[in-house]
Amino acid sequence: MSGTSRTDEGHGRLGSKLSGLAVALGCVLFLGGFAWGAVVYQPYTVPTDSMSPTIAGGDRVLAERIDGSEVERGDVVVFKQASWGNMPLVKRVVAVGGDTVACCTQDKLTVNGKKIEEPYLPKGSAAESSTIPTIEVPEGRLFLLGDERSGSLDSTAHLTEAGNGTVPRSAVNARVDAVAWPMDGMLARPTGFEALGGLSDPGPLRLVLTMIVAGGVLVLGGAAYGPIAKRTGRRRSRTGEQALAG
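In this text, residue positions in the sequence shown follow the numbering used here: the first is 4, and each later residue adds one.
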């Protein structure tokens, strides 16, 4: 009897230590994930449907804080431009400095003479509702369009301004990685631009979420060990008492 008691007691102590370690590790992962996410990402609420169907009006997005020099073709970015109202706007970069952009050729946008496949556009819609004259994007600047081309106040609405509707890279604050609410998940890769050069790599959002979820599981699992172990111990004790009584 005493040997069994010592064994159970030893297992109990080991279990308590492991549960405590799980809770501690879980707290580090959970809080660390939230802290990392808060440093790297900025939430935005998109006010209009100009990026529909990719992002609808009222959707809440998570945008990775980046420098404008990191922007690539196809990125959905958050930016501010004084001549556009000096408020945070969300649009898609379709051309960068040195590119020549025009529309439309067989209902498709062309960049450097290549027709761009844009599966993110509303089904059955052309790449642009009106003609975009051939424009050479100045170095250090970006040409941006909304995915809902017929109702987006984007570069096409500012063609008569200096820079032909382009904005400087320095105007970009962040790059959208995912729609957080409703939970539509990560934005699809803009593969239609791959033939023109590299695409941006997604930020660490998946790793951040994995840390938070794993941390939460460890905390809950570790915290649950104590009550479960006590219940198990009581049942064993009752079983032992009944055996002695028999």
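From the three backbone atoms N, C-alpha and C, an ideal C-beta is built for every residue, glycine too.
CB of residue i within 8 angstroms of CB of residue j, strictly
i       : j       : result
Val-93  : Val-104 : no
Leu-148 : Val-26  : no
Phe-196 : Arg-76  : yes
Arg-178 : Asp-78  : yes
Glu-151 : Ser-55  : yes
Ala-181 : Met-189 : yes
CA-to-CA distance, residue j to residue i, given in whole angstroms
i       : j       : result
Gln-84  : Leu-21  : 54 angstroms
Gly-88  : Ser-158 : 13 angstroms
Trp-39  : Ala-174 : 24 angstroms
Pro-185 : Arg-63  : 7 angstroms
Leu-212 : Ala-191 : 18 angstroms
Asp-110 : Ala-129 : 5 angstroms
Pro-136 : Lys-118 : 15 angstroms
Cβ neighbours of residue i in the same chain (closer than 7 angstroms, five flanking residues each side left out)
i      : result
Ser-72 : Arg-172
Ser-19 : none
Same chain, Cβ closer than 6 angstroms to residue i, five either side skipped, listed in chain order
i       : result
Gly-6   : Low local confidence applies: a pLDDT of 49 at Gly-6 is under 50, so the model's placement there is unreliable, with the coordinate-based value given in what follows. No residues qualify anywhere along the chain.
Leu-32  : Met-214, Ala-217, Gly-218
Gly-168 : Ser-158, His-161, Leu-162
Chain D within 8 angstroms of residue i, Cβ atoms only
i       : result
Leu-147 : Here there is only one protein chain, and chain D is not present.
Neighbour-count burial assignment, residue i, 16 or more Cβ in a 10 Å radius
i       : result
Gly-61  : exposed
Ser-203 : buried
Glu-142 : exposed
Asp-70  : exposed
Leu-247 : Bear in mind that a pLDDT of 45 at Leu-247, under 50, signals an unreliable position, so the number given afterwards is only what the model happens to contain. Per the 10 Å Cβ criterion, exposed.
Arg-255 : Any question about residue 255 goes unanswered here, given that the chain covers just 4 to 249.
Neighbourhood of residue i by C-beta, 8 angstroms cutoff - its chain only, sequence neighbours within 5 removed
i       : result
Asp-102 : Arg-76, Val-114, Asn-115, Glu-139, Val-140, Phe-146, Leu-199
Let me know the beta strand (DSSP E) ranges lying completely inside the region 128–177, each 3 residues or longer, listed in chain order. Those beta strand (DSSP E) runs which fall completely within the region 128–177 and span 3+ residues are 135–139, 144–148.
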